[in-house]
Every structure is written in C-alpha cells, then in structure tokens.
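Heads up, the first sequence is in the numbering used here, so the first residue is 342 and it goes up one at a time.
Note that CB positions come from ideal geometry on N, CA and C, so glycine has one too.
Structure record follows, encoded as structure tokens.
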Amino acid sequence: MMKIYNTMSRRIEDFVPIHEGKVGMYCCGPTVYNFAHIGNLRTFIFEDILRRTLEVAGYEVRHVMNITDVGHLTGDGDDGEDKISKRSKETGKTVWDIAAFYTDAFLKDEKALNIEPPVVVCRATDHIADMIAMIEELEKNGHTYIADGNVYFSIDSIDDYGKLARLNLDELMSGARIDVDSAKKNPKDFVLWFTNSKFKDQAMVWPSPWGVGYPGWHIECSAMSCKYLGKHFDIHCGGIDAIPVHHTNEIAQSEAASGEKPWVKYWCHGEFLLNDTGKMSKSSGEFLTLSVLISKGYDPLDYRYFCLTGHYRSQLKYSEEAMDHARAARQSLFQKVAEMKASASPSSEISGKAEEYLKEFDDAMMNDLRAPQALGRLWTMMKDQSVSDADKLAVLIKMDRILGLGLDKIEAAGESKVGGPEEWALVEKRAEAKKNRDFAIADSIRAELLERGFVVKDTPKGPVLEKSV
RNA sequence: GGAGUCGUACCCAAGUGGCCUAAGGGGACGGUCUGCAAAACCGUUUUUCACCGGUUCGAAUCCGGUCGACUCCUCCA
Numbered sequence: 342m343m344k345i346y347n348t349m350s351r352r353i354e355d356f357v358p359i360h361e362g363k364v365g366m367y368c369c370g371p372t373v374y375n376f377a378h379i380g381n382l383r384t385f386i387f388e389d390i391l392r393r394t395l396e397v398a399g400y401e402v403r404h405v406m407n408i409t410d411v412g413h414l415t416g417d418g419d420d421g422e423d424k425i426s427k428r429s430k431e432t433g434k435t436v437w438d439i440a441a442f443y444t445d446a447f448l449k450d451e452k453a454l455n456i457e458p459p460v461v462v463c464r465a466t467d468h469i470a471d472m473i474a475m476i477e478e479l480e481k482n483g484h485t486y487i488a489d490g491n492v493y494f495s496i497d498s499i500d501d502y503g504k505l506a507r508l509n510l511d512e513l514m515s516g517a518r519i520d521v522d523s524a525k526k527n528p529k530d531f532v533l534w535f536t537n538s539k540f541k542d543q544a545m546v547w548p549s550p551w552g553v554g555y556p557g558w559h560i561e562c563s564a565m566s567c568k569y570l571g572k573h574f575d576i577h578c579g580g581i582d583a584i585p586v587h588h589t590n591e592i593a594q595s596e597a598a599s600g601e602k603p604w605v606k607y608w609c610h611g612e613f614l615l616n617d618t619g620k621m622s623k624s625s626g627e628f629l630t631l632s633v634l635i636s637k638g639y640d641p642l643d644y645r646y647f648c649l650t651g652h653y654r655s656q657l658k659y660s661e662e663a664m665d666h667a668r669a670a671r672q673s674l675f676q677k678v679a680e681m682k683a684s685a686s687p688s689s690e691i692s693g694k695a696e697e698y699l700k701e702f703d704d705a706m707m708n709d710l711r712a713p714q715a716l717g718r719l720w721t722m723m724k725d726q727s728v729s730d731a732d733k734l735a736v737l738i739k740m741d742r743i744l745g746l747g748l749d750k751i752e753a754a755g756e757s758k759v760g761g762p763e764e765w766a767l768v769e770k771r772a773e774a775k776k777n778r779d780f781a782i783a784d785s786i787r788a789e790l791l792e793r794g795f796v797v798k799d800t801p802k803g804p805v806l807e808k809s810v
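Encoded structure:
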C-alpha cells in the first residue's frame, strides 16, 4: 500500500485511487518567461519521483502538466504586469517567441534531468475556449460578477473558500483594508477574465462573451486539468507556494463550476530549495539554472541525485559543497556499476538478501517517498559482499525505475575507450617504461597525460584512462 | 500580526516512543594493494540528537519553555 502526505488533511494517508489501477495526476507547470532555476526544477524532480513510484506500485499514471504561456501577472493581486509581455518589451521579441523559446528550454532541462515526459503537456494558449466554457459555467451558477470590465470570481458565493491553506478569512480581510480602489467585492476575489487591460499593446488577446481580453491565471489550470482528467481526479501537485492563492483559487473555481466536491483527492506539494540568503529566487542572489550548474562542472544527474538526498517535504539548502558531495556519490555509484557490468550481467531472478534490499528500498519509497532512506538501502547493499554482482545489478536496475539516474545506460568499464590514439600510445609507452622499471619516464608520461586531461589508473585488467575532473 | 516548518556527529542528511549504545553519502585519517600514485577494498572519525524542564518502565522522537534559523500570507516551484 502506497502512502502519501495530503496537504488537505495535513496527514500521511493511504493512497487509494478513484479508479482501480489508474491515477490521474496534474502538475502545475512553468511560466515560460525565463529559464527555470534549480529550485523550480526541484519540484519537477519530486513530481517525477512520485509518478515513477506510482508506476512501480503498479498504477497506470496519466500525468498532465501545463505550460503557462499567458496571463500570469507579476502581481498576485490581479495588478502588475504580464510577465511574458514584460519580457517581450525587454528583449524586443514577440510574446510568442518568448514563450516558445523558454518552453523549449524547460523541456530540455527536464530531459537532461531524466524526468519522464508527462503524458499530456498542454499550453494555456491552446485552451482558451475551455477556460471560457468554465467561466460561463461559473457565471451560470452565480459565482461571478463584472466590475471595471473584468469578470471576477466571488469567494463569498461558496462556503469553504481557503480550506486547503486553512486561511482565516476574517483575519485576512481585516488586514486588507488598504485595498481601497479595487473593484472587488471581497479583497480575496480574483479575476477570471480581463477585458480591461492596462496595457494598450497587450499582444495576447482573444474574443470572449465579455469582450476581447485574456484569462486570469488560476482558470487555466482548472480548465485544463478538468479537460484531461475529469471533474474528479487523484493527485494535484505543485510547489508549496501555490497553496494559499493558486491552488486555493483553483479549488474554488473547479468545485463551483462542477458543483461537486471534492475536486482533487490528494494534494501534494514540494518544499523549497534554499540558498545562503533564504529562498532560491530569480531576482536575488545568483540565478542558478541547470546550465549554470553544468558550467560549474556538474552533470544534471548530480543535481537529481542531490535532490534525492533530502526529503521532498523538507527545505533543502543548496551549496556547492553539498553539490560536490552529491557528485562524488553519484560518480562513485556509476563507477561501481560500470565495473560490475564488466564482469557480470543482471541475474534474471532476484532472491534472498538482494530481494530484501529491494523490498526495503520499495517500502521506503512507498512510504511518502522517503528517497534518502531508500538510497541508504541501496548503498548498504552495494557494500554487502554476500550479495553477488549479478544480483546487485538486477536490483539496481529495478531501483533505478524510481531513482531515474540512468543506471541501465551505463556502459561496462573498459567498453568504450576514453582518449584518442595519441593518448593510448602514451599509455603503452608508460607500460613499457614500467616494465623496464624506468619509473622516472613512466611518471613523466603520467604527468603529460594529466596535462591532456586524463588520469591513468592501473587495474588488474591493465591500464585505463579517465577524464580528469 | 496570522499560518507553518526546522535545529541530529567535521559537512550534507535519514530517523513513523522500545530492534537507536542514531541509516546512508561526502570529507579527513590509518591500513591492504602499488615502484610511487590513482582507483578499489577494510577500519577509524559517535554513548550523542540546540538548550532547560516535564510526561513515560523507556524520548532524537510526545508536552511546555528558552535561544536560533527559515518559509508562506506579499513576483518565482
């Protein structure tokens, strides 16, 4: 039985899908106005681990992720500027080019991190009609009003607004008296459809029953998730910051539109990645993207491994020191796998001790995705000399269905030779010198190889070259 | 002001009241191996869980307090 923490109940619950054997899972995707930073990516890695664990548990997972390519403002109070428009003005490119460019960059990052592509990736701009249909439904059910040319959702038209975040509305309202010139009836009301754009050059606009305009941010996720997963589905994911506003508003809209509760059975949220100054951010501190990590000498999978060393509901602090540790561990694991592959092939049946390790690993993952514990079991097995290499390989490949480190793709040690013909000529010269016990020459050749960026290692099977780090 | 989280050995980090005299990784040190290295393997680095009280037969785990760090409500996953 898989267990998962549900933000709605604030408890770890047994996972029981709505439809036996199948899971509908919606994940809030990126707003494509800039590169994703590694804190953003942490959440997508968590969602990928969740999906993979569900799949190993035997479920068929319909994983849907949106791309927010319109309508997400810089301010949550329905003011501020459209982020993509802002970026467009800064760069002189069209909003469509900006969105396409950063969507592509995001999907490349996902691929580099070995994140399984969602079954459905949907763009907000392709679903304007679905959003309009949902707003019409809300209008019909009496949950909307028009003010200043915009269509608003009235939170007072429902009786359980804010249940996910456990918002205390009286407190919030008394603190919101400053909001004088808003057209809103309640300060927490939010826009479903804008026609009254503050920007005369707003590039992305569509006709609607309320006039030419564009959708509010929250309606896109409600409309698309319902379209692809139905009025009830199992899991909705995102970062913890989405709880108080975005997910709260999504619930309000979706349940008010369909008239049925609850909309989503399990709410799962990933914690933040922190840096020295606090939250990882695009505006303060170093803007850390995946490419920045690569330029610092890390493999994208080092970052994936790093994320696995902390629990998804705990804040994780980024530092280059911590990344170095993760890289060392990951490289060591890869090296060991490569060496085992050189002399063994995965056994077809796993038994005894190896089977126990696999079970402990799976148990840790099934219990609210305790990846750090699961990795602990992996390493303990690696050191256990009573388990054969063949069994270890077979178990590792199964573990990797969840870890997603690409252990199955690692080549056996010595199979593909590192270095060119010149380097290998030097290796042979060195072997010859060693044979003649001419160690001064042997050492000078080793130094020369290091200058060329290679490390020689003498193994029982002869010398091997590795790229120096 | 409101909501919530965290403080674990040199560093990162797991710990769901008793198999915890605290996983796992990294680093450092020692050993085996080696012409010397590197790699690999073995061992050490831990009676200790911010601090002070309490509950309990029993607490890193529960409760109260103190100190410290952080997140959300206020652009970002």
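Pick out whichever of the options has its Cα sitting closest to the Cα of residue i.
| i | options | result |
| --- | --- | --- |
| A683 | I751, T372, V411, Q543 | I751 |
| N491 | A377, W551, P459, F387 | W551 |
| S664 | Y653, Q672, D643 | This sequence places Met at residue 664; Ser is not what is there. Among Y653, Q672, D643, the Cα nearest to that of M664 is on D643. |
| K363 | D575, G760, L699 | D575 |
| V532 | D779, A715, S495 | S495 |
| N347 | H577, R771, E696, S727 | H577 |
| V357 | M545, H588, L505, K344 | K344 |
| T394 | V546, R742, A774 | R742 |
| P641 | L657, K623, Q672 | Q672 |
| Y443 | I499, T630, L391 | T630 |
| M349 | H588, Q714, I425, E457 | H588 |
| V553 | K568, C567, W534 | W534 |
| A753 | S549, L674, D450, R464 | L674 |
| G557 | Y607, D423, Q676, V462 | D423 |
| M565 | L767, A465, P713, C609 | A465 |
| V373 | R428, E361, R351 | R428 |
| N537 | Y555, N527, K529 | Y555 |
| K572 | E591, I581, D582 | E591 |
| G619 | G638, C609, K637, L657 | L657 |
| K568 | D467, A506, K637 | D467 |
| L744 | F702, R793, V797 | F702 |
Let's test the definition: count the other Cβ atoms within 10 Å of the Cβ of residue i and tell me whether it reaches 16, buried, or not, exposed.
| i | result |
| --- | --- |
| S809 | exposed |
| N375 | buried |
| P762 | exposed |
| I738 | exposed |
| D725 | exposed |
| L806 | buried |
| Y432 | It should be pointed out that residue 432 corresponds to Thr in this sequence rather than to Tyr. The residue is exposed, with fewer than 16 neighbouring Cβ atoms inside 10 Å. |
| G365 | buried |
| D501 | exposed |
| I353 | exposed |
| K525 | buried |
| P713 | exposed |
| T800 | exposed |
Assuming residue i and residue j make a contact with CB atoms under 8 Å, what is their CB distance in whole Å?
| i | j | result |
| --- | --- | --- |
| N455 | L746 | 7 Å |
| P585 | L508 | 7 Å |
| L307 | G370 | It is not possible to answer for residue 307, since the shown part of the chain is limited to 342 through 810. |
| Y659 | M621 | 7 Å |
| L570 | V678 | Actually they do not touch by this definition, with Cβ atoms about 37 Å apart. |
| V436 | A544 | 5 Å |
| A685 | D617 | A685 to D617, Cβ: 44 Å. No contact. |
Requested in this report: Within the segment 447-482, note down every full alpha helix (DSSP H) run reaching 4 residues or more, in order along the chain.
Outcome: 469-481
Query raised in the report: What residue ranges within the segment 364-399 form continuous alpha helix (DSSP H) runs of no fewer than 4 residues, ordered along the chain?
Result: 379-397
**Report entry** Sufficient close CB pairs (3 or more, under 8 Å) joining the segment 556-573 to the segment 400-413
**Finding:** yes
Query raised in the report: Can at least three beta-carbon pairs, one atom from the segment 389-404 and one from the segment 467-478, be found at a separation below 8 Å?
Result: no
Report task. Quick one: which unbroken alpha helix (DSSP H) runs of 4-plus residues sit fully inside the segment 725-794? Chain order, please. Result -> 730-744, 762-776, 780-792
Requested in this report: Just list the alpha helix (DSSP H) runs in the segment 615-676, keeping only unbroken ones of 4 residues or longer that don't cross its boundaries, in chain order.
Outcome: 631-636, 641-649
Query raised in the report: When the Cβ atoms of the segment 774-792 are set against those of the segment 703-723, are three or more pairs found closer than 8 Å?
Result: no
Requested in this report: Would you be able to state if there are at least three C-beta pairs under 8 Å between the segment 691-699 and the segment 655-669?
Outcome: no
Query raised in the report: Are the segment 636-655 and the segment 384-399 touching, with three or more C-beta to C-beta distances below 8 Å?
Result: yes
Query raised in the report: How do the segment 589-600 and the segment 474-485 stand: do at least 3 beta-carbon pairs fall below 8 Å, yes or no?
Result: yes
Requested in this report: Would you mind listing the alpha helix (DSSP H) stretches within the segment 569-621 that are 4+ residues and don't spill past its ends, in chain order?
Outcome: 589-599
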